[in-house]
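In the working numbering, the protein residues as written are 314 to 648. Ideal Cβ placement from N, Cα and C applies to all residues, glycine included. What you are looking at is a predicted structure, and each value in this text was computed from that prediction instead of being measured.
Here it is, written out as structure tokens:
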């Protein structure tokens with residue numbers, strides 16, 4: 314009886330995986346483009362205004378956050394969650410929205426099949442080793458440049474204007490991409506820490522520390538280990554040392570080089586708020602008139618509000634307001 318039940322369970326799992334594999338991005342309203350970067354397959358999703366798929370418009374490239382997450386996640390009924398964290402309608406009238414997949418991660422998967430929010434290889438229970446060896450800032454920047462070179466050759470792409478936006482870990486990639494790619498004309502730096510990932514980790518440790526500072530001291534010792542092993546891509550499920558090291562190099566260094574219009578948005582109850590406020594002080598001191606800051610009051614890292622008990626309230630969704638703020642800024646800067 315137990316063997317029969319186990320066999321049935323395995324059949325169900327296989328059927329669900331095949332169902333996800335049989336789905337195509339086009340089924341959900343996206344164009345799916347594929348290129349190779351250094352022999353690595355790269356999946357690019359494009360969302361356009363209905364009926365305007367081949368109308369020439371600038372690209373709005375959105376760089377997603379961390380983890381080995383498939384771009385298209387399905388619920389149990391096979392319906393997709395949002396690929397972009399905001400409703401794209403406000404931007405589609407003027408742009409083609411573009412997002413690039415994580416390396417060696419399936420493009421489509423069921424959310425319930427993720428482990429700790431990330432795709433897990435069925436054999437190892439963690440993301441593929443090919444993902445970890447590529448999960449670093451430099452790889453993402455070079456790969457994005459290759460994707461943009463491919464896109465600029467398409468007839469439906471209006472060149473001369475290129476908006477790059479990144480949120481959380483994606484903001485670090487976006488900042489370096491803007492600093493190194495001359496085609497980028499506008500940068501939106503959202504929910505990032507201009508002093509790097511490790512600064513956020515220590516800030517979080519301080520917030521929940523004991524009287525001896527145990528958690529903070531552990532974080533500093535962890536950083537010492539990372540620095541001494543900064544090229545290691547070995548992982549047992551968490552970020553590799555190389556991943557954490559490259560995302561901890563201060564994006565502020567790249568941001569302060571920029572002369573193009575830069576928008577910095579963040580929640581004032583994000584652990585990185587003090588660092589973004591410091592960036593604002595430095596921008597004022599150095600006369601960076603190309604910088605605009607929009608702090609969203611009383612919301613956390615992903616622009617969610619809080620309930621009366623101080624817990625994150627996922628009903629208080631702020632992303633759409635943020636996207637409208639981006640659009641207003643772009644209009645003001647005459648993209």
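With 16 other Cβ atoms within 10 Å as the buried cut-off, status of residue i
i	result
residue 448	buried
residue 416	buried
residue 639	buried
residue 533	exposed
residue 584	buried
residue 318	Note that residue 318 has pLDDT 44, beneath the 50 cutoff, so the model's placement of it is unreliable and no number is given.
residue 361	buried
residue 576	buried
residue 591	exposed
residue 615	buried
residue 481	buried
residue 587	exposed
residue 421	buried
residue 514	buried
residue 398	buried
residue 377	buried
residue 456	buried
residue 594	exposed
residue 508	buried
residue 580	buried
residue 611	exposed
Sheet register partners of residue i (DSSP bridge)
i	result
residue 486	Answer is none; residue 486 lacks a bridge partner.
residue 503	480, 578
residue 380	In DSSP, residue 380 forms no bridge with anything.
residue 644	DSSP output for residue 644 lists no bridge partner at all.
residue 372	409, 475
residue 353	350
residue 358	345, 412
residue 470	370
Own chain, CB closer than 6 angstroms to residue i, minus 5 neighbours either side, in chain order
i	result
residue 367	469
residue 471	369, 370, 371
residue 393	341, 385, 387
residue 322	With a pLDDT of 39 at residue 322, under the threshold of 50, the modelled position of this residue cannot be trusted; read the value that follows with caution. For residue 322, where only same-chain residues beyond five positions count, there are no Cβ hits under 6 angstroms.
residue 413	357, 460
residue 567	488, 489, 492
residue 646	574
residue 463	348
Beta-carbon contacts of residue i that lie in its chain and below 7 angstroms, excluding the five residues immediately before and after
i	result
residue 555	449, 543, 544, 545, 546
residue 444	381, 415, 416, 417, 418
residue 626	617, 618, 619, 620
residue 404	373, 410, 636, 640
residue 326	Because the pLDDT at residue 326 is just 43, under 50, the model does not fix this residue reliably, and the value given afterwards should be weighed accordingly. Here the set comprises nothing.
residue 446	546
residue 596	604
residue 512	506, 588
residue 442	none
residue 510	557, 560, 561
residue 642	576, 605
CB contact below 8 angstroms: residue i versus chain C
i	result
residue 525	Of the chains in the structure shown, none is chain C; there is only one protein chain.
Cβ neighbours of residue i in the same chain (closer than 8 angstroms, five flanking residues each side left out)
i	result
residue 324	Any reading at residue 324 is ruled out, since the residue's pLDDT is 44, under 50, leaving its predicted position unreliable.
Please specify which runs of the beta strand (DSSP E), each continuous and at least 3 residues long, are wholly inside the stretch 384 to 459, giving them in chain order. Within the stretch 384 to 459, the complete beta strand (DSSP E) runs of at least 3 residues are 385 to 387, 409 to 413, 421 to 423.
- request: Spell out a yes or no on whether the stretch 461 to 477 and the stretch 562 to 569 are touching, meaning 3 or more CB-CB pairs, one atom from each, closer than 8 angstroms.
  value: Too few Cβ pairs lie closer than 8 angstroms, so no.
Exercise. Return the chain-ordered ranges of every beta strand (DSSP E) run that is complete within the stretch 583 to 641 and spans a minimum of 3 residues.
Key: Complete beta strand (DSSP E) runs here, min 3: 604 to 609, 617 to 619, 625 to 630.
For the stretch 521 to 541 against the stretch 396 to 411, do three or more pairs of beta-carbon atoms, one drawn from each stretch, fall closer than 8 angstroms, so that the two count as touching? With the rule of 3 Cβ pairs closer than 8 angstroms, the stretch 521 to 541 does not count as touching the stretch 396 to 411.
- [ ] Decide if the stretch 516 to 526 is in contact with the stretch 593 to 612; the criterion is three or more beta carbon pairs, one per stretch, under 8 angstroms apart.
- [x] Below 8 angstroms, too few C-beta pairs join the stretch 516 to 526 and the stretch 593 to 612 to call them touching: fewer than three.
- If you pair each beta-carbon of the stretch 430 to 440 with each one of the stretch 378 to 395, do three or more pairs fall below 8 angstroms? Contact between the stretch 430 to 440 and the stretch 378 to 395 is present, because at least three Cβ pairs lie under 8 angstroms.
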